[in-house]
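Visitor: Protein chains in written order, with the numbering used here: chain A, 25 to 349; chain B, 277 to 356; chain C, 138 to 461; chain D, 5 to 436.
Structure incoming, see below.
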Amino acid sequence: MTLDISRDDALELLRDMIRIRRLEEKSAELYAKQKIRGFLHLYIGEEAVAVGALHALREDDNIVATYREHGHALIRGIPAGEIMAEMYGKANGCSGGRGGSMHLFSAERRFYGGHAIVGGGLPIAVGLALADKMKGESRVTACFFGDGATDEGEFHESLNLAALWKLPVLFLCENNQYAMGTALDRHVSDSDIANNPPAYGVPADSVNGMDVVAVQRAVHNEAELVRETSEPRFLELKTYRFRAHSMYDAELYRTKEEVEKHKKHDPIEGFQERSLRDGLITQADIEAIEVDAAKEVAEAVDFAEQGDWEPVETITRHTYARDLS
Amino acid sequence: MTSDEIRAILLKCLTDVAPDIADEEFAEDADLRDELDLDSMDILRWVQGIHKALGVEIPEEDYGKIASFEDAISYVAARV
Amino acid sequence: MTSYRDAVRTALQTLLREDPRVFLMGEDVGRYGGPYAVSKGLLEEFGEERIRDTPLCESTFVGAGIGAALGGMRPIVEVMTVNFSLLALDQVVNNAAVMRHMSGGQFEVPIAVRMATGGGKQIAAQHSHSLENWYAHVPGIKVLAPATVQDAHDMLLAAVEDPDPVFVFEHQMLYGTEGPLDTQAKPPSPWKAAIRRPGKDVSLIAYGGSVHKALAAAEELEKEGVSAEVVDLRSLRPLDRDTIIGSVSRTHRAVVIDEAWKTGSLASEVSAILAEEAFYELDAPVARVCTIEVPMPYAKHLEEAAIPQVAQIVAAAKRSVVGG
Amino acid sequence: MAEFVMPSLGADMTAGVLAAWRVAVGDRVSQGDIIAEVETDKGLIEVEVFETGRVERLLVREGEKVPVGTVLAEIDTATVAVSEAVSAPVPASAPGLILSAGSSGVDLDGPVASPAVRRRAHELDVSLRGVQGSGEHGRVTLHDLEGVARSSAAPAIVGGRARISPYARRIALERGIDITELRGTGPAGAIQARDVLSAKSSVPEVGKPASPAERMQRAIAAAMTRANDEIPHYYVEHSIDMGSALAWLRETNASLNVTERLVSGVLVLRAVARALRKHKTLNAIWQDGKSVPSEEVHVGLAVSLRGGGLVAPALRNTDEGSLTDLMARMTDLVSRARSGALRSSEITSATITLTSLGERGVESVTPIIFPPQVAIVGCGATLERPWVVDGQVVPRPVMRVTLGGDHRVSNGHRGARFLSALDRLLQEPEKL
């Protein structure tokens, strides 16, 4: 089944997926060299979800994401340098070096952050949609979360409140089959996650999260319905993470064979082959994209290395609007 | 701004630094440091007071030109 | 004279009338008229859009309030009592308090949260907590404890106007109390403590529901020749250190009254401040009069024995002044 | 030649066991290949290589436990176009403080300490300089910190363990009353203010109650007489060429706006504080019959009050922070001293005192130590003097500095070495 998208779209989608993967590979390397510390959750394998979804949403829509948000932040427009500097903890990072890998923010781009408390972002998304509705602004609030979040009380409360008050929230569940070390069928009673939301009056659907074109089309349709009806909708994106949950994880909970099986559906390689086969792109295009990505990553690392540390004297700044002392 | 007004402001800035001289008589042509027992910290705080009140910036090298209260009045008057 | 609850309602009406971004959200604040009848009549005047009865989902409606504040609104969220706010602590501590700092100054959360607090109504252990100290421990949010009718009005206005998250604790025994209310005068800063009664021999430092007991104790001490000064903290974060230290520097003795349990209480914080910054002013150890460290019992005589009363305050003050 | 090192796989991982090699010498590897397996607390983790090339040497045997960062293998990347491996040099010295946990390759300001410990130290207003941590690699733990904070608390004023309230102790000092003669009526016989107020003070009460100024004068008299009776003073004097310091000051002040302008006194104050870092014996308190050196430097600044009387409040951590910050703190302290708005802790926490009477035109001063301190620095006027520079006699602004020391604690030799250290510091004003 041929891809019915233009050459430009194919190049754009492929470029963005490769940009994410190269950035994440470099992050893993820098973590091993102790340049990046704390926790680091890589997006390798799930790129099609962030790229497809963000290409389908509008620049003015609100985005609320989780701690596995480097890909979403990069495609939303936060410069790779500011993301890398933030992971270094430098003052020129996109959160001033205060948030780190799990807390990337950009007010300018309505990127309401990385949230490290599982499910913690859902009520925030409901509130943002409530504000837009009360101000009469027709904006969609897209809320990304993992399958683990569907176990949290806040997930059920948020679906109920969004449906009750008819709030324009698009709930996007990145189902990567694992809640950290617990497989899907060992942490949800009904592993067909799209069955839950209708119980609260929230229409739900599911899509193959490894197919970037399918993701883009599904998210576009859902987002426009939310925009028209100003009512919440839910989309499950079935995907898989090729790397450990975070950097300190022996992956005792899954087999190498299972990982290899999923790697055959690599969202980048799959899309690359189909685009080549349909004559949308050439091998030269791919090499050019790789060179650009490598350059972008190298410049990002340099930007982070050059950054300064925030002096301790300003540690209390931004705790409050005006300093209390 | 008349010199009387400047004189009043300069006196107020001086009493901010050394409150006890408010009701003291002192020779306006004598050297302030000796007359009122002021040290370099007092002089600096007086100069800062004048800058705050009148916006006149007195560089260190001009301290000699404001040695007495009279000199200070004419110095500031020329620059307000 | 106006009641404490009417003073809060007056403030709510003023805010809702003057600023379209303001709206009230909470359990039974609309049709029921508010669990403490504070928001009675507001639904009729402002409609369902701006007076929102919420489902029983404290974590999510407080989180939604934070989200709406991020989205440019000025929400007033009523959590019925501090006892139910425990379900929403994650949203408060991990979202409201950190958003500005952790985002490098990009995001502001101008939310006001009101909740009833304290015991004394025989509603037993799960409904009688005093946990202002849990909130006053967290940098990034501010905490107010209005003890008077005037403060109940002024502090809500200040909380909504403030760009940072502000939590207002209204002691449940105060809703029915009456006092003067002037809605025109320019209110004093809510972040400063107040000397409710000057005195020379000992400083009685209290907040919220305990201020009236401290005043009553001061009257009784006066009869026994002991002149007691009553300090109403008003703001629990930030604490007004200068007024606290100033008072004890005059009286050289301090009794801190706090309805919370003594361990890790705000009374402990005030006592530590005095030991660190007014050590050479102390003529006797700082005394703390707090609730007995036991889950609040239902029986009236047990509850009254547990919660600080006027008699204990008078005894503590006398021990501090007369000694022995 | 690229190095493959034991990677850090988690914030709290400090070492790992090389469980197994997945390559041999001579194998070709490319970026992302699994090169080894590492045994960690959480189980076996496959480790990838970030370079492309040929395995040159394997330096660690299987089963060996090595710290994170140890070189495990060398990879010859020369034969392949060098990938954009990270080669940016580690910054030589990271300015200020590193908020993330101290990493080995970067120069730290002070000992290794976690952000939590640094935050706690900030709250306790305690400097970590010179603190020997009990953790690995001298890391300062929270436990060490609490210990340091307790030991550097403000010392009691009078020796001996009389049970007396702090307020009573303070007004006893002000009234020159010897508390050892008092009987306490407070709890368990503790002495309280009323016991002091009702006691006959050694100085006869005359007519109307003493005004605060007179009370202060009497307290100074009591302290000075005790200092003279108990402390065997020695004095050493030294003339310091202030030329470069004053030139630097003029030049700096020209670029500062008037609100940040510096006076020469702040340079001398900072130089004294810095010099004391290496002369701890002079920066100490005499307590219970022996000298207790202070870890931190709080220089008391002698301030003559306009109505007469003298007070020497302390500038806490005088050796830390910028010069403009110290100047602002000094101005604030002097104006609060003169308006009687000092906090009691400021009066009693100085670890040494600096008194300068140069403004009054006197050439040198021989001051008396403020008990319970063990040293005092006195500065005379800065006057133009003939001075030999490179064999030539030239006019230079010279200041005579006198150190008064407590001979029970230090001697002239120590005092002279302190003054020469002070001289050297003042020759490089830009470093202060």
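Glycine is no exception: its CB is placed at the ideal position from the N, C-alpha and C atoms.
Hey, is the segment 376 to 383 of chain C in contact with the segment 348 to 356 of chain C, meaning 3+ C-beta pairs nearer than 8 Å?
Guide: Flag = no, the segment 376 to 383 of chain C and the segment 348 to 356 of chain C do not touch.
Visitor: Identify the contact partners of G242(C) in chain A, using a Cβ-Cβ distance below 8 Å as the criterion.
Guide: As a working note, residue 242(C) is residue 105 in the third sequence. G120, R341 and H342, listed in chain order.
Visitor: Span of the alpha helix (DSSP H) holding R251(C)?
Guide: The count along the third sequence starts at 1 and reaches residue 251(C) at position 114. That residue, R251(C), is in no alpha helix (DSSP H); its beta strand (DSSP E) goes A249 to T254.
Visitor: Does any CB atom of chain D fall closer than 9 Å to the CB of H274(C)?
Guide: Position 137 of the third sequence, counted from the start, is the residue given in the question as residue 274(C). No, because no Cβ of chain D sits closer than 9 Å to the Cβ of H274(C).
Visitor: Identify the continuous beta strand (DSSP E) that holds S51(A) and give its terminal residues.
Guide: As a first step, residue 51(A) is located in the first sequence; it is residue number 27 there, counting from the start. Unbroken run through S51(A) is the alpha helix (DSSP H), R31 to A56; no beta strand (DSSP E).
Visitor: For C427(C), write down the residues that DSSP places opposite it in a beta bridge.
Guide: The residue labelled residue 427(C) in the question sits at position 290 within the third sequence. Its beta-bridge partners are D395(C).
Visitor: Please report the straight-line C-alpha distance between Y415(C) and S295(D), rounded to a whole angstrom.
Guide: On the third sequence, residue 415(C) is found 278 positions in, with the first residue counted as 1. On the fourth sequence, residue 295(D) is found 291 positions in, with the first residue counted as 1. It is Ala, not Tyr, that sits at residue 415(C) in the sequence shown. A415(C) and S295(D): Cα-Cα distance of roughly 26 Å.
Visitor: Verify whether the separation of the beta carbon atoms of D229(A) and E260(A) is less than 9 Å.
Guide: Within the first sequence, the letter at position 205 stands for residue 229(A). Within the first sequence, the letter at position 236 stands for residue 260(A). Result yes, Cβ atoms of D229(A) and E260(A) sit closer than 9 Å.
Visitor: Starting from W322(B), follow the beta strand (DSSP E) in both directions and report where the run begins and ends.
Guide: By one-based count along the second sequence, residue 322(B) stands at place 46. Where W322(B) is concerned, there is no enclosing beta strand (DSSP E), although the alpha helix (DSSP H) it sits in stretches over S316 to L330.
Visitor: Please list, in chain order, all residues of the same chain as Y344(A) whose beta carbon is under 8 Å from its beta carbon, the five residues on each side excluded.
Guide: As a first step, residue 344(A) is located in the first sequence; it is residue number 320 there, counting from the start. Excluding residues within five positions, none has a Cβ falling inside 8 Å.
Visitor: By Cβ distance below 6 Å, which residues in the same chain neighbour R267(A) in space, the five residues on each side in sequence not counted?
Guide: Counting from one through the first sequence, the residue named residue 267(A) turns up at place 243. Once the five neighbours on either side are set aside, the close Cβ partners of R267(A) are L66 and I68.
Visitor: Just to confirm my understanding: we take S91(D), look at its own chain, exclude 5 residues before and 5 after, and list those with CB closer than 6 Å. What are they?
Guide: The residue labelled residue 91(D) in the question sits at position 87 within the fourth sequence. Low confidence applies here, because S91(D) scores a pLDDT of 38, under 50, leaving its location unreliable and the question unanswered by this model.
Visitor: Going along the chain, which residues of its own chain have a beta-carbon closer than 6 Å to the beta-carbon of A296(C), five neighbours each way excluded?
Guide: One-based indexing of the third sequence puts residue 296(C) at position 159. These residues qualify, in order along the chain: A249, V303 and V305.
Visitor: Between the C-alpha atoms of R82(A) and D290(A), what's the straight-line distance to the nearest angstrom?
Guide: Here residue 82(A) corresponds to residue number 58 of the first sequence, with the count starting at 1. Here residue 290(A) corresponds to residue number 266 of the first sequence, with the count starting at 1. Answer to the nearest angstrom: the Cα atoms are 27 Å apart.
Visitor: Please confirm whether H127(A) has its beta-carbon closer than 9 Å to some beta-carbon of chain C.
Guide: To locate residue 127(A), count along the first sequence from 1; it is residue 103. With 9 Å as the cut-off, H127(A) counts as an interface residue toward chain C.
Visitor: Is there contact here, the segment 237 to 256 of chain A with the segment 78 to 92 of chain A, by at least three beta-carbon pairs under 8 Å?
Guide: The answer is yes - the segment 78 to 92 of chain A touches the segment 237 to 256 of chain A, with three or more Cβ pairs under 8 Å.
Visitor: Strictly below 8 Å CB to CB, what residues from chain D border A324(A)?
Guide: Numbered from 1 along the first sequence, position 300 holds the residue referred to as residue 324(A). Correct list: empty, because the minimum Cβ distance to chain D is about 11 Å.
Visitor: Evaluate P236(D) with the Cβ neighbour count: other Cβ atoms within 10 Å of its Cβ, from every protein chain shown; 16 or more gives buried, anything less gives exposed.
Guide: As a first step, residue 236(D) is located in the fourth sequence; it is residue number 232 there, counting from the start. The residue is exposed, with fewer than 16 neighbouring Cβ atoms inside 10 Å.
Visitor: Can you tell me whether DSSP reads T191(C) as helix, strand or coil?
Guide: Position 54 of the third sequence, counted from the first residue, corresponds to residue 191(C). Three-state result, T191(C): coil.
Visitor: Would you list, in chain order, the members of the segment 358 to 389 of chain C that have their beta-carbon closer than 9 Å to a beta-carbon of chain D?
Guide: Listed in sequence order: I382, S386 and H389.
Visitor: For S343(D), count the other beta carbons within 10 Å of its own beta carbon; 16 or more makes it buried, fewer makes it exposed. Which is it?
Guide: Walking along the fourth sequence from the start, residue 343(D) turns up at place 339. When all chains shown are included, S343(D) counts as exposed.
Visitor: At a CB distance below 7 Å, what residues from the segment 267 to 294 of chain C approach chain A? Give them in sequence order.
Guide: Listed by position along the chain: P276 and G277.
Visitor: Excluding the 5 residues preceding and the 5 following E209(D) in the sequence, name in chain order all residues of the same chain whose CB lies nearer than 8 Å to its CB.
Guide: Within the fourth sequence, numbered from 1, the residue matching residue 209(D) stands at position 205. Below a pLDDT of 50, predicted positions are generally treated as unreliable, and E209(D), at 44, falls in that range; no measurement from the model is reported.
Visitor: Compute the Euclidean distance between the alpha carbons of A85(D) and T56(D), then round it to the nearest angstrom.
Guide: Taking the first residue of the fourth sequence as position 1, residue 85(D) is located at position 81. Taking the first residue of the fourth sequence as position 1, residue 56(D) is located at position 52. Low per-residue confidence applies at A85(D): pLDDT is 45, beneath 50, and the placement is therefore not dependable enough to give any value.
Visitor: Once DSSP output is grouped into helix, strand and coil, what is the label at M433(C)?
Guide: As a position in the third sequence, residue 433(C) is number 296, starting the count at 1. Coil, per DSSP.
Visitor: Count the other CB atoms within 10 Å of the CB of K341(B); is the residue buried (16 or more) or exposed (fewer)?
Guide: Taking the second sequence and counting its residues from 1, the one referred to as residue 341(B) is at position 65. Answer is exposed; the Cβ neighbour count stays below 16.
Visitor: Run through the segment 264 to 327 of chain C for me and flag every whole alpha helix (DSSP H) of 4 or more residues, listed as ranges in chain order.
Guide: Runs found: 269 to 273 and 286 to 298.
Visitor: Quick one: Cα of H283(D) to Cα of G419(D), how far?
Guide: Here the question's residue 283(D) lines up with position 279 in the fourth sequence. Here the question's residue 419(D) lines up with position 415 in the fourth sequence. Cα to Cα, the separation comes out at about 9 Å.
Visitor: With 16 as the cutoff for other CB atoms within 10 Å, does F302(B) come out buried or exposed?
Guide: As a first step, residue 302(B) is located in the second sequence; it is residue number 26 there, counting from the start. Result: exposed.
Visitor: Looking only at its chain, what residues have a beta carbon closer than 6 Å to the beta carbon of S104(D), apart from the 5 residues adjacent to it on each side?
Guide: On the fourth sequence, residue 104(D) is found 100 positions in, with the first residue counted as 1. Because the pLDDT at S104(D) is just 32, under 50, the model does not fix this residue reliably, and the point stays unresolved.
Visitor: What do you get for L294(C), buried or exposed, if any count of 16 or more other CB atoms within 10 angstroms of its CB means buried?
Guide: Locating residue 294(C) in the third sequence gives position 157, where the first residue counts as 1. So L294(C) ends up on the buried side.
Visitor: Does the Cβ of V51(D) have 16 or more other Cβ atoms within 10 Å, making it buried, or fewer, making it exposed?
Guide: Residue numbering aside, residue 51(D) sits at position 47 when the fourth sequence is read from its first letter. Per the 10 Å Cβ criterion, buried.
Visitor: Measure from the C-beta of I79(D) to each C-beta in chain A and report whether the shortest distance is under 9 Å.
Guide: Working through the fourth sequence from its first residue, we reach residue 79(D) at position 75. No, because no Cβ of chain A sits closer than 9 Å to the Cβ of I79(D).
Visitor: Is it buried or exposed, L152(C), if we count other Cβ atoms within 10 angstroms and call 16 or more buried?
Guide: For the purposes of this step, residue 152(C) is taken as residue 15 along the third sequence, with counting starting at 1. Counting Cβ neighbours within 10 Å, L152(C) comes out buried, since at least 16 surround it.
Visitor: For V402(D) and chain B, any beta-carbon pair shorter than 9 Å?
Guide: In the fourth sequence, the residue the question calls residue 402(D) occupies position 398. Not one chain B Cβ lies under 9 Å of V402(D).
Visitor: Classify L161(C) as helix, strand or coil using the three-state DSSP reduction.
Guide: As a working note, residue 161(C) is residue 24 in the third sequence. Correct three-state label for L161(C): strand.
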